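Whatever position you read off the sequence shown (first residue = 1), add 36 for our numbering.
Just below is one structure, and these are the notes that go with it.
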Amino acid sequence: MPEGRRRRVVLLPGDGIGPDVVAEAAHVLQDVARRAAIPIELEEHAVGGVALERFREPLPEATLAAARAADAVLLGAVGTPRHDALPRDKRPERALLGLRRGLGVFANLRPVRLHPAIAAASPLRSDIVRGTDLLIVRELTGGLYFGTPRGIEGEGAARRARNTLSYTAGEIERIARVAFEAARARRKRVTSVDKANILETSQLWRDVVSETARVYPDVALDHLYVDNAAMQLLARPRDFDVILTENLFGDILSDEAAMLAGGIGMLPSASLGEGPGLYEPVHGSAPDLAGRDAANPLGAILSAAMLLRHSLGLPGEAERVEAAVGQVLQEGARTADLARGDEKAITTRAMGQKVREALERVPVEGRVR
Ligand code: IPM
Ligand code: MG
37 MPEGRRRRVV LLPGDGIGPD VVAEAAHVLQ DVARRAAIPI ELEEHAVGGV
87 ALERFREPLP EATLAAARAA DAVLLGAVGT PRHDALPRDK RPERALLGLR
137 RGLGVFANLR PVRLHPAIAA ASPLRSDIVR GTDLLIVREL TGGLYFGTPR
187 GIEGEGAARR ARNTLSYTAG EIERIARVAF EAARARRKRV TSVDKANILE
237 TSQLWRDVVS ETARVYPDVA LDHLYVDNAA MQLLARPRDF DVILTENLFG
287 DILSDEAAML AGGIGMLPSA SLGEGPGLYE PVHGSAPDLA GRDAANPLGA
337 ILSAAMLLRH SLGLPGEAER VEAAVGQVLQ EGARTADLAR GDEKAITTRA
387 MGQKVREALE RVPVEGRVR
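Shown next, in the form of structure tokens:
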């Protein structure tokens with residue numbers, strides 16, 4: 037991507053703490069743009085409960101069109117208790133699925149890295165979680181989330197609900213390739229997670245992943261059943277490098293893995309396909325914390341770093357942001373979710389401010405400013 041070209045990033049703050057954390061991530065993007073003299077244009081649109089109130093749609097046409105036309109999309113969170121009773125196609129969560137589908141982002145990358153300074157924030161023993169550095173590659177536009185037929189039919193005791201789990205070999209191969217490529221840039225190990233002892237979709241999954249592995253002889257592959265994977269993640273997290281799995285298993289395992297990295301507030305994600313990437317913190321809307329300046333913005337800021345790397349072609353800037361986050365944690369900055377013992381909690385804005393100050397001190401391409 038040419039250096040000087042104007043990059044367009046669509047911001048979708050959404051619901052709950054979404055606006056609080058996206059504001060901090062947006063400030064970081066603006067600082068990066070200013071210092072690197074790269075024009076990054078930020079444009080905000082409505083999504084989720086906010087969009088439901090204003091436009092009666094969780095994902096208005098204009099929002100999806102803007103997202104499609106952008107270089108990247110940074111989303112806060114969707115979901116509000118107020119809308120929980122609405123029918124499925126009006127719920128704020130629909131917006132997320134509509135965006136994933138609409139942008140064709142089939143590959144969801146969720147890096148889980150424990151910063152040593154916050155090992156105590158994990159509910160697991162430090163000697164177990166220390167050194168955790170893994171990447172979950174979750175298939176995002178297939179499986180039970182999107183399979184048809186689906187629905188609820190009938191009356192009384194005969195009322196029946198149904199969802200469809202189906203994957204094509206093509207869908208499996210393209211996500212497997214993403215995992216193997218990612219492993220090449222890391223510790224060269226892929227663990228594919230399935231339920232091949234029971235499910236046909238998993239049998240095909242295992243076959244196709246094994247075939248794809250032949251193209252990557254430098255990467256080691258092993259397979260785990262999902263129940264065992266859930267256990268091994270807690271027993272020996274350091275042994276995992278890249279975890280490759282289907283949509284629902286990835287949803288569940290990534291929340292579990294968040295606990296290895298000091299909590300879900302720390303986790304960023306990138307969802308990639310052919311077009312613009314979709315970036316979001318994994319934590320969700322946390323309505324009880326909304327507007328209280330108390331949420332952890334680091335998941336969103338680290339998502340912005342992934343956006344710089346994967347969609348704007350600025351890996352150096354991404355590393356600077358990640359280094360700045362590492363520095364503030366090292367220096368003891370903690371939002372309420374990370375504070376333990378007598379550690380003092382700071383606000384969302386104060387955390388964002390500290391990251392930006394640290395960013396000023398991180399050298400640009402080897403130069404200390
Ligand atoms: C996630 C979330 C979403 C999912 C929900 C909000 C639809 O849990 O991104 O992990 O299940 O994919
Ligand atoms: Mg989830």
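Note that beta-carbon positions come from the ideal geometry of N, C-alpha and C, so glycine has one too.
Computed from a prediction, not measured in an experiment: that's the story for all the values here.
- Relative to A156, the option among P312, L374, K380 and A386 whose CA is nearest is L374.
- In the displayed model, S347 falls within coil according to three-state DSSP, outside both helix and strand.
- The secondary-structure analysis by DSSP pairs L110 across a beta bridge with L47 and Y315.
- Around the beta carbon of G85, 16 or more other beta carbons lie within 10 angstroms, which makes this residue buried.
- When distances are taken from the beta-carbon of D287 to the heavy atoms of ligand 1, the shortest one is below 6 Å.
- With a threshold of 16 other beta carbon atoms within 10 Å, S162 falls short and is exposed.
- Residue state for N332 is assigned as coil, using DSSP reduced to three classes.
- Residue pairing of S305 in beta bridges, as defined by DSSP: absent, with no partner found.
- In this structure, A354 keeps its C-beta atom at 7 Å or more from the C-beta atom of L338.
- According to DSSP, V262 shares a beta bridge with no other residue.
- Under the rule that a run must span 3 or more residues, the beta strand (DSSP E) segments found entirely inside the region 220-262 read 225-230 and 256-261.
- The closest CA to that of I172, considering only P323, D67, F276 and R70, is found on F276.
- Exclusion of L260 from the 6 Å shell around ligand 1 follows from its C-beta lying no nearer than that to any non-hydrogen atom of the ligand.
- Selection A193, D254 and T248 evaluated against R222 yields D254 as nearest (Cα-Cα).
- Using a cutoff of 6 Å, the CB of E129 counts as near ligand 1, since one of the ligand's heavy atoms is closer than that.
- Under the 10 Å beta carbon count, A293 is surrounded by 16 or more other beta carbons and is classified as buried.
- The region 317-328 makes contact with the region 289-304; the number of CB pairs closer than 8 Å reaches 3 or more.
- Looking at the backbone, the Cα of D67 and that of A340 are separated by about 12 Å.
- Residue pairing from DSSP leaves A394 without any beta-bridge partner.
- The DSSP-derived three-state label of D120 is coil.
- Taken through DSSP and simplified to helix, strand or coil, E77 comes out as strand.
- Contact between the region 59-77 and the region 262-280 is absent, with fewer than three C-beta pairs closer than 8 Å.
- Under the 8 Å Cβ criterion, the region 51-62 counts as touching the region 320-329, having at least three qualifying pairs.
- Taking the Cα positions, R225 is about 15 Å away from V148.
- Residue range N283 to A294 is occupied by the alpha helix (DSSP H) that includes N283, with no beta strand (DSSP E) assigned at that position.
- When C-beta atoms of the region 284-292 are compared with those of the region 97-113, fewer than three pairs fall below 8 Å, so the two segments do not count as touching.
- Per the Cβ contact rule, the region 130-148 is not in contact with the region 374-392 (fewer than 3 Cβ pairs under 8 Å).
- Nearest to V45 by C-alpha distance, out of D56, E80 and D258, is E80.
- Distances from the alpha-carbon of M267 to those of R328, V251, Y252 and L296 put L296 closest.
- It is roughly 35 Å from the alpha-carbon of G167 to the alpha-carbon of E236.
- For the set L284, S307, V57 and H151, the Cα lying nearest the Cα of N199 is the one of L284.
- A105 is the residue among F91, A105, L88 and R90 whose C-alpha sits nearest the C-alpha of L47.
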